[in-house]
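Notes to accompany the following structure.
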Amino acid sequence: MFIGEVVGTVVATRKTANMDGLPLRLVRKITPGLESTSAYTVVVDIMGASEGELVLVSSGSSARQTIQTDARPCDAIIMAIVDTWQVDGAVQYTKGELAVE
Amino acid sequence: MFIGEVVGTVVATRKTANMDGLPLRLVRKITPGLESTSAYTVVVDIMGASEGELVLVSSGSSARQTIQTDARPCDAIIMAIVDTWQVDGAVQYTKGELAVE
Amino acid sequence: MFIGEVVGTVVATRKTANMDGLPLRLVRKITPGLESTSAYTVVVDIMGASEGELVLVSSGSSARQTIQTDARPCDAIIMAIVDTWQVDGAVQYTKGELAVE
Amino acid sequence: MFIGEVVGTVVATRKTANMDGLPLRLVRKITPGLESTSAYTVVVDIMGASEGELVLVSSGSSARQTIQTDARPCDAIIMAIVDTWQVDGAVQYTKGELAVE
Amino acid sequence: MFIGEVVGTVVATRKTANMDGLPLRLVRKITPGLESTSAYTVVVDIMGASEGELVLVSSGSSARQTIQTDARPCDAIIMAIVDTWQVDGAVQYTKGELAVE
């Protein structure tokens, strides 16, 4: 999994039938040190994340191991919304307190 | 998934039998800011996309989760045709209005 | 999938029993603009490709979706031999006419 | 698999139900020569690793081949805690003796 | 698959139970032109390879398509020991004759 920031939404009305009803979000990968990167991915949001929230993205066949995405052509999902993390004993992020630089 | 632009078509008459009838397209990856990149992939087009259209590409085993591609040696598909997306509250692309730079 | 050029052959007599009889080829990835790259992969050739031919390589679990490679520890195959492709309306390659630069 | 150092912990109370109870750790990839890299991943820790320990990370669908992670949207796990390794005949690391530079 | 050189061994006594008894080796990726690279991976060695031998590494779910690794959290194996390969008609390597530079 990697940590990402929800930065946008993708709308696609013409899609394979078994993707109907699954919201698509744009997620930008961030580093553990809270730096933004240029890497992004389009994911299925099964968590109802808001823009600016930091999330965990699960990729590959693992993205299909949920009730909503089982057997669907979806290769990445928002699997969790991050509350906090620390690196080397120091808190890097706490939801509601710090923003991505 | 990633956003790509359909830039071409690949023709291959000699292929494994279970790929017969599946159209192959060349897709160039683009950034959320609508910049073209040098990354490309060959995909199975199950959506009937046109050249120049922006699409979502699903990769890996997820590319086989459709009626057309089930159990076929296909590792990437056009899963949707993109209508619009926004990043940080600003619309980056609306089908029919903006072109990839 | 990606487009590659068959550049060589690998011989390995000591291998897992379920890989017996599957020919192994070296494939160099090329760009849609027919430029050679330094990226290469070893693939199972189920198509009987010749050296110098341009082929489509399918990777990951998708490489096992053929009769020859089903349930074998093979992560890439030659899935097709390319006849021609075009990008932005211009033919980039036609089998027998153009060579990789 | 790759060798990584456990550098932190991620807390996410809002997540897909089938990830409940699985601890999430931040792992930084290191080289066989014990150099730190900027590559990191978030993994499910089924081994109860401590911070600073060097571990083996297994990725993709292979991360689901354990009792704890079977059928869960988890794409990376700590599969083992490393005791020692050597390269070209020289011991690079022995648990408890050397630290990542 | 890719060609690699077996450069070391990893010992991990604390690991998931279903990895018991599977030897772990360090493999450095090499180019078809026999140049060493900085890319390495930890693999399960089902072939009994020796240090310095050149091998084929199979990755992802394909690494589980052997009797020894079926249903185990292993994402890369030594699938074969290489005897020889050629590129563009020239032999690049013959086991016992040439060494990686």
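Protein chains in written order, with the working numbering: chain X, 1 to 101; chain R, 1 to 101; chain Z, 1 to 101; chain V, 1 to 101; chain E, 1 to 101.
C-beta atoms are modelled at their ideal positions from N, C-alpha and C, and glycine is treated no differently.
Source: prediction; values computed, not measured.
Closest Cα partner of residue i within the set the options
i               : options                            : result
ALA17 (chain X) : X:LEU26, X:CYS74, X:MET1           : X:CYS74
ILE30 (chain Z) : Z:SER50, Z:THR41, Z:ARG64          : Z:THR41
GLU97 (chain R) : R:SER38, R:MET79, R:GLY52, R:ALA80 : R:GLY52
LYS95 (chain V) : E:PHE2, E:GLY8, E:THR13            : E:THR13
THR9 (chain R)  : R:SER36, R:LEU24, R:THR37          : R:LEU24
Own chain, CB closer than 8 Å to residue i, minus 5 neighbours either side, in chain order
i               : result
VAL91 (chain R) : THR84, TRP85
THR69 (chain Z) : LEU22, VAL44, ILE46, ALA63, ILE77
ASP20 (chain Z) : none
Backbone secondary structure at residue i - three-state DSSP
i               : result
SER50 (chain E) : coil
ARG64 (chain R) : helix
MET79 (chain Z) : strand
ALA90 (chain V) : strand
ALA39 (chain R) : strand
THR84 (chain V) : strand
ASP45 (chain Z) : strand
Residue j beta carbon less than 7 Å from that of residue i
i               : j               : result
VAL82 (chain X) : GLY4 (chain X)  : no
SER61 (chain E) : SER61 (chain V) : yes
ALA49 (chain E) : VAL11 (chain E) : no
VAL44 (chain X) : LEU22 (chain X) : yes
TYR93 (chain V) : LEU26 (chain V) : no
LYS15 (chain R) : ALA71 (chain Z) : no
Residues of its chain near residue i, where Cβ-Cβ distance is below 6 Å and the 5 sequence neighbours each way are ignored
i                : result
VAL87 (chain X)  : PRO32
ALA39 (chain V)  : LYS29
THR37 (chain Z)  : LYS29
GLY102 (chain Z) : The structure shown does not extend to residue 102 (chain Z), since chain Z spans only 1 to 101, so no value can be given for it.
Close beta carbons around residue i, own chain, < 7 Å, minus the five adjacent residues each side
i               : result
THR66 (chain V) : ILE46, ILE77
PHE2 (chain X)  : LYS29, VAL57
Cβ of residue i within 7 Å of any chain C Cβ
i               : result
SER59 (chain Z) : No chain C appears in the structure shown, which is made up of the protein chains X, R, Z, V and E.
Item to complete: Would you list, in sequence order, the uninterrupted beta strand (DSSP E) runs of no fewer than 3 residues that lie entirely inside the region 1–36 of chain R?
Response: You should have 2–11, 24–30.
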